[in-house]
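S.K.: Numbering follows numbering that gives the first Met the number 0, with no gaps: position 154 of the sequence shown is 153.
Built from N, CA and C at the ideal position, the CB exists for glycine as well.
Being a predicted model, the structure only gives us computed values, none of them experimental.
The structure that follows is given in the form of structure tokens.
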Amino acid sequence: MRLLTCVAVALASFALMLVEARPSNRTEPDCPDEVAGGKVLTTGVTWKDDRGYVAVRHEVRDLKENFPDQWVLYILGLCSFQQMDQTDVVSYYSIAGIHGAPYKVWQGADSPNPNPNQGYCPHNNDLFFGWHRPYLALYEQELHKHVQKVARQAPEESRSRYAAAANAFRIPYWDWGLGQKGGPIPDFFVSPTLQITGLDGVVRAVANPLHRYAFHPLIPDDFRQLNENESWTFTQFSQYNHTIRYPTTRTPDAVPQDDKFVAHFLKSRRTWMDHLSKAFAAPSPKSMNVFRKTLENMHGWMHGSIGGFEDEPLNNKNPGHMWPVQFSAYEPLFMLHHANVDRIFALWQAIHPSLWLDPSSTGQQNKFLAANTLVDATTPLLPFYKTSSTFWTTNDVRNTTALGYAYPETQSWNYASADDYGAAVNATIARLYVSSARDRLEGTGSGETAGDATRLLSGEGTFTDWTINVEAAQGEMPPTFRVQFALVGEFSSDKVTDVGVWNILMPSDHHARTHTKRPTGKRASSLEPTLKGWVSLTESLLDVILEGGLDTLDAADVVPYLKEKLTWKVYAGDGSLISRTSLSLASLSVEVVSSEAYIPSNPERAIVYSAEVTKYPEVTEGKGEV
């Protein structure tokens with residue numbers, strides 16, 4: 000038996016076959032794009048309900064379980080979208096290529112100072128949130144056309160039902176920040192085939208468009224990388240005929256190892272939930288810029304977890320498309336991941352409605368931004384045309400409804416006042432993203448967050464919170480790198496407790512290029528940004544306390560323990576270990592701090608962290624991989 004082409008499932012007249020979905024020459028939907036001056040405009044999906052409200056992006060598991068008509072249209076529409084002629088300007092392939100490779104100018108959206116060897120996506124600068132909003136909306140509007148096309152193929156008696164489902168369809172997100180209550184990775188992410196009920200009511204097996212994207216054809220030149228000599232070279236990505244996760248080899252016959260994706264996610268999900276919980280509760284934010292740094296760091300973890308990021312160095316390992324950021328948008332889970340990043344940003348906006356983007360430096364150059372120049376909320380976000388001659392800006396996309404969508408938690412029109420809306424979102428955040436520290440300190444955890452640490456909570460509900468603050472000079476570090484923190488034992492055979500990762504993900508050559516320190520050891524510009532981040536220590540310290548290795552969270556206990564046990568290693572994007580001696584003193588700064596935190600008795604209120612911190616330079620002095 001062979002697998003049905005996805006689009007064929009929508010047609011009741013097709014007989015059951017079991018073959019991999021094969022691309023047709025052209026599968027564009029009948030719905031035309033909005034075009035001005037010969038440019039396809041980014042509009043998002045413009046349909047609204049009869050009350051004038053935009054439709055909602057659903058969590059992908061909720062979409063499958065509770066909106067089955069939208070689910071089947073999504074799968075079949077995505078199949079159709081992926082089968083488009085790759086040369087079409089609004090094909091799946093072309094839209095993925097906007098993000099990074101093959102570094103082509105899209106619809107003439109050029110700038111006076113482009114870097115021809117980068118894509119448009121601004122990584123590690125504060126346009127990151129704003130840029131991805133119209134990017135997702137462009138993808139959404141084009142996928143929506145395919146969804147509508149599929150709905151029109153329904154039998155006459157159910158056509159109006161599917162038409163209504165198609166109108167309300169928006170791209171789903173995957174909420175990877177829920178910890179154990181979110182469960183494991185959905186099986187429909189890792190299965191090569193899916194069982195779906197076609198529009199004719201018959202259950203059939205189809206090739207899973209969420210598992211991989213098949214290039215048709217593979218264009219090796221589109222997947223080259225620059226080596227350390229600034230010359231182009233072919234890589235394993237020039238050989239893979241489809242996107243792949245944790246490939247077994249770097250040859251065309253590589254097999255995906257989705258089990259490693261599943262295992263890495265299960266191992267890491269508590270850390271991600273803890274980090275997200277603390278990020279939302281950060282004290283006294285002054286703008287969205289700091290939150291952007293925190294969330295972009297977390298977003299990089301998921302790129303690695305999906306593509307091939309392991310806890311050991313990547314030497315002799317084979318990352319898949321999602322890890323090198325220049326190839327990541329071809330991975331089908333990219334958009335579900337980034338829709339969740341956008342949603343998390345929207346939640347943060349809802350609880351901080353008066354805060355917005357402060358002017359800041361770009362750092363590295365890309366397709367439309369010069370290096371080390373100031374950008375702000377009015378900077379045009381190329382290549383997303385709002386009109387034939389103007390581009391969307393971060394100000395333009397401050398409200399997601401401008402691009403035709405909302406999230407389940409951000410339907411502000413359902414609340415009597417802005418205060419009611421903000422309070423509801425705050426309560427949702429506190430309920431969804433409960434840190435394991437809170438569970439343990441209140442004695443309410445189970446499974447991965449089990450353990451009674453209530454004795455460490457004062458009568459007033461306070462405890463001492465611990466954090467590692469990290470900074471690095473961008474120009475002194477590899478474009479992509481990660482700092483892996485751990486608590487080590489006295490002997491090599493002792494247990495090593497992973498604390499967390501500070502991860503910087505930039506468009507770069509993850510495998511060919513190694514780290515070389517700037518010869519002068521000086522910044523190229525006074526506007527060159529300093530990379531900043533943090534890793535929470537409290538949850539790992541509670542692990543140690545519950546195992547009997549530490550008594551309390553007080554500084555008198557924690558500081559000598561960390562002086563002895565805390566260590567870290569720095570890895571380049573290709574997995575090579577970076578020696579501490581190869582970094583200038585200004586390159587990487589690691590500092591441990593503590594602050595007081597308060598757990599409200601109301602579970603719908605987040606932990607309150609004090610902005611006043613105590614620093615402990617003695618913990619990290621002279622440390623790091625040598």
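Kindly identify the DSSP beta-bridge partner or partners of K531.
M.R.: E470
S.K.: Let's test the definition: count the other Cβ atoms within 10 Å of the Cβ of V201 and tell me whether it reaches 16, buried, or not, exposed.
M.R.: exposed
S.K.: According to DSSP, D464 sits in a beta bridge with which residue or residues?
M.R.: According to DSSP, D464 bridges with S594.
S.K.: Helix, strand or coil: how does DSSP classify N502 here?
M.R.: Three-state DSSP puts N502 in a strand.
S.K.: Would you decide whether S434 is buried or exposed? Buried here means 16 or more other CB atoms lie within 10 Å of its CB.
M.R.: Classification for S434: buried.
S.K.: Using beta-carbon positions only, say whether H320 and H131 come within less than 8 Å of one another.
M.R.: no
S.K.: For I305 versus L332, is the C-beta distance shorter than 8 Å?
M.R.: yes
S.K.: For R437 and W46, I'd like the C-alpha separation in whole angstroms.
M.R.: 42 Å
S.K.: Closest by CA to N166, which one among E139, T192, P407, F383?
M.R.: Per the Cα distances, E139.
S.K.: So the alpha helix (DSSP H) Y138 belongs to, where does it begin and stop?
M.R.: 127-150
S.K.: What residues in its chain sit with their C-beta under 6 Å from that of V189, if we drop five residues either side in the sequence?
M.R.: D257
S.K.: Quick one: give me the first and last residue of the beta strand (DSSP E) that W391 is part of.
M.R.: From DSSP, the beta strand (DSSP E) with W391 extends over 390-392.
S.K.: Measuring alpha carbon to alpha carbon, tell me which residue in E546, V487, A571 is nearest K622.
M.R.: V487
S.K.: Consult DSSP for Q364 and reduce its assignment to one of helix, strand or coil.
M.R.: Q364 sits in coil when the DSSP states are folded into three classes, being neither helix nor strand.
S.K.: Are the CB atoms of D550 and D556 within a distance shorter than 8 Å?
M.R.: yes
S.K.: Using C-beta distances below 6 Å, list every residue in its chain close to G303, excluding the 5 sequence neighbours before and after it, in chain order.
M.R.: Around G303: W322.
S.K.: So, helix, strand or coil for I577, using DSSP?
M.R.: strand
S.K.: From which residue to which residue does the beta strand (DSSP E) around T427 run?
M.R.: That residue, T427, is in no beta strand (DSSP E); its alpha helix (DSSP H) goes 417-431.
S.K.: Starting from V629, trace the alpha helix (DSSP H) both ways and give me its first and last residue.
M.R.: No answer is possible for residue 629: the residues shown for the chain start at 0 and end at 625.
S.K.: For T247, does the count of other Cβ atoms within 10 angstroms reach 16, so buried, or fall short, so exposed?
M.R.: exposed
S.K.: When burial is assigned at 16 or more other CB atoms within 10 Å of the CB, is P191 buried or exposed?
M.R.: Residue burial annotation: P191 is exposed, with fewer than 16 other C-beta atoms found within 10 angstroms of its C-beta.
S.K.: Which of the three DSSP states, helix, strand or coil, is assigned to H241?
M.R.: In the structure shown, H241 adopts extended strand secondary structure according to DSSP, grouped into three states.
S.K.: Check whether the stretch 533-540 touches the stretch 465-472, counting contact only when three or more Cβ pairs, one atom from each stretch, lie closer than 8 Å.
M.R.: yes
S.K.: Is V89 helix, strand or coil by DSSP?
M.R.: coil
S.K.: Can you check which of these residues, L135, T389, E459, is closest to D341 by C-alpha distance?
M.R.: L135
S.K.: Under a Cβ-count criterion, where at least 16 other Cβ atoms within 10 Å of its own Cβ denotes burial, should P216 be classed as buried or exposed?
M.R.: exposed
S.K.: In angstroms, rounded to a whole number, what distance separates the CA positions of F80 and K285?
M.R.: Answer to the nearest angstrom: the Cα atoms are 41 Å apart.
S.K.: How far does the beta strand (DSSP E) with I195 in it extend, from its first residue to its last?
M.R.: Counting along the chain, the unbroken beta strand (DSSP E) around I195 starts and ends at 192-196.
S.K.: Could you tell me the boundaries of the beta strand (DSSP E) in which V59 lies?
M.R.: Judged by DSSP secondary structure, V59 falls outside any beta strand (DSSP E) and instead within the alpha helix (DSSP H) spanning 59-65.
S.K.: Identify whether V202 lies in helix, strand or coil by the three-state DSSP scheme.
M.R.: It is a strand residue.
S.K.: Hey, quick one: how far does the beta strand (DSSP E) through R626 stretch, first residue to last?
M.R.: Look at the range of the chain in this structure, 0 to 625, and you will see that residue 626 is not part of it.
S.K.: Can you grab the Cα-Cα spacing for the pair A417 / T566, in whole Å?
M.R.: 46 Å
S.K.: Count Cβ pairs between the stretch 107-121 and the stretch 382-391 that sit closer than 8 Å; are there 3 or more?
M.R.: yes
S.K.: From Y560 to K292, what does the alpha carbon distance come to, in whole angstroms?
M.R.: Using only the alpha carbons, I get a separation of about 29 Å.
S.K.: In or out: E141 buried (at least 16 other Cβ within 10 Å) or exposed?
M.R.: buried
S.K.: Would you mind giving the Cβ-Cβ distance between N339 and D186, rounded to the nearest angstrom? I have them listed as a contact below 8 Å.
M.R.: Wrong, their Cβ atoms sit about 19 Å apart, outside the cutoff.
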